[in-house]
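Q: Shown below is the structure under consideration.
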Amino acid sequence: MGGSCCDPNAMGAIKASLEAALPGVFVHSIATARGEVADIMSSYFGNLNDQVDRVCDELLEMEELKDGYVAVGFSQGGQFLRAVLQRCQHLGPRMHTLVTLGSQHQGVMSVPGCPEPEASGTGAPLYCRLMQGLIWRGAYAPCVQSRVVQAQYVKDPYHLDLYLTRSIFLADINGESPGRPAPARYRQNLASLQRLVLFQFDDDDMVVPKESAHFGFFNGTTLLDMRDTPLYQQDWIGLRALDEAGRLSLVHAPGRHMRFTLDWFEEHVVRPWLAVPAADAWAAAGAR
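Read left to right, the sequence shown gives residues 1 to 288 (our numbering).
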């Protein structure tokens with residue numbers, strides 16, 4: 001969020017690090033708009049469904065990816081790439097591995113720095129209570145929902161009725177839209193991955209709740225582990241199938257949201273998950 005695909009101090013540095021660590025490997029950094037300024041703005045404003053469609057078309061035309069590829073999604077890029085996978089895997093090219101870092105797979109319920117009060121055992125600060133009220137009033141308004149990227153993955157546990165009926169993006173890719181169960185291809189496409197690797201930052205105060213990175217969800221009273229959610233138990237999108245096949249890895253990373261060094265990235269992401277065959281990745285990383 002807030003960066004361009006090719007900023008040499010951000011995604012550009014990640015791209016260069018991957019190319020250095022994996023000589024000869026083609027690395028492509030996805031832009032969701034043309035030009036640096038437009039690309040940055042598109043991480044805040046736009047319709048994620050339209051952006052996913054454009055990226056699906058772009059990847060399909062790339063000859064370098066015809067034999068398949070691995071994908072790494074940072075923060076909101078994680079659920080974006082999952083949408084690309086679920087909606088377009090059957091069309092090609094084939095995504096073999098998806099790694100996400102600090103992503104909002106079960107959405108966000110509040111602004112950064114605001115804890116879920118019942119889970120923390122303390123009352124939420126006044127600022128957080130005020131922001132919570134503003135979020136649900138604004139995020140689900142059609143004019144906001146269709147234009148503000150972050151609103152499209154707001155999941156307010158106190159107003160799930162609005163989320164379920166008005167969310168144009170997250171409720172769809174999570175198979176939650178009432179009367180519109182996830183298409184079978186969503187489950188088939190996700191379950192076709194060789195591996196899905198989800199990193200959660202242990203001190204993340206940007207993603208509320210941070211457990212969203214592992215498909216955890218705070219339902220208003222209880223913080224649910226991924227395996228306790230209906231999404232997993234009823235296997236709406238193929239997550240349980242991946243887990244039971246041993247191809248889902250929940251990994252913890254130290255520190256706050258996206259605060260890591262390139263050395264850490266190479267040691268804990270590139271070497272164990274991107275530079276080894278899928279069959280060896282589990283043992284190499286000791287993931288859980």
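Glycine residues also receive a C-beta, built at the ideal position from the N, C-alpha and C atoms.
I'd like the list of long-range same chain contacts for R240, defined as Cβ closer than 6 Å, with 5 residues on each side in sequence excluded.
A: On the sequence shown, residue 240 is found 240 positions in, with the first residue counted as 1. Correct list, in chain order: Y232.
Q: Answer yes or no: do A182 and G175 have a C-beta to C-beta separation smaller than 7 Å?
A: Indexing the sequence shown from 1 puts residue 182 at position 182. Indexing the sequence shown from 1 puts residue 175 at position 175. Cβ distance < 7 Å, so A182 and G175 count as in contact.
Q: Closest to P8 by C-alpha separation, out of L274, L262, H268, would be which residue?
A: Residue mapping note: residue 8 aligns to position 8 of the sequence shown, counting from 1. Selected option, being the one with the closest Cα: L262.
Q: Rounded to the nearest angstrom, what separates C63 and A275 at their Cα positions?
A: Position 63 of the sequence shown, counting from 1, holds the residue named residue 63. Position 275 of the sequence shown, counting from 1, holds the residue named residue 275. Note on identity: in this sequence residue 63 is Glu, with Cys being the wrong assignment. Cα to Cα, the separation comes out at about 21 Å.
Q: Grouping DSSP H, G and I as helix and E and B as strand, with all else coil, what is T97?
A: In the sequence shown, counting from the first residue as 1, residue 97 sits at position 97. Three-state result, T97: strand.
Q: Taking the runs of the beta strand (DSSP E) that are 3 residues or longer, which of them lie wholly in the region 47–111?
A: 69–74, 95–101
Q: Do S212 and Q104 have their C-beta atoms closer together than 7 Å?
A: Locating residue 212 in the sequence shown gives position 212, where the first residue counts as 1. Locating residue 104 in the sequence shown gives position 104, where the first residue counts as 1. In contact: S212 and Q104 (Cβ atoms closer than 7 Å).
Q: H28 by DSSP, collapsed to three states: which one?
A: The residue labelled residue 28 in the question sits at position 28 within the sequence shown. Coil, per DSSP.
Q: Would the region 143–158 count as touching the region 99–114 if we require 3 or more Cβ pairs under 8 Å?
A: yes
Q: Can you have a look at T221 and say buried or exposed, based on whether 16 or more other CB atoms are within 10 angstroms of its CB?
A: Along the sequence shown, one-based indexing puts residue 221 at 221. Taking all protein chains shown into account, T221 has fewer than 16 neighbouring C-beta atoms within 10 Å of its C-beta and is therefore exposed.
Q: Across the region 128–136 and the region 25–33, are there enough close Cβ pairs to call them in contact, namely three or more that are closer than 8 Å?
A: no
Q: Does the beta-carbon of C143 have 16 or more other beta-carbons within 10 angstroms, so that it is buried, or is it exposed?
A: Taking the first residue of the sequence shown as 1, we reach residue 143 at position 143. Exposed: under 16 other Cβ atoms inside 10 Å.
Q: Tell me the DSSP bridge mates of A253?
A: As a working note, residue 253 is residue 253 in the sequence shown. According to DSSP, which records beta bridges pairwise, A253 is partnered with F201.
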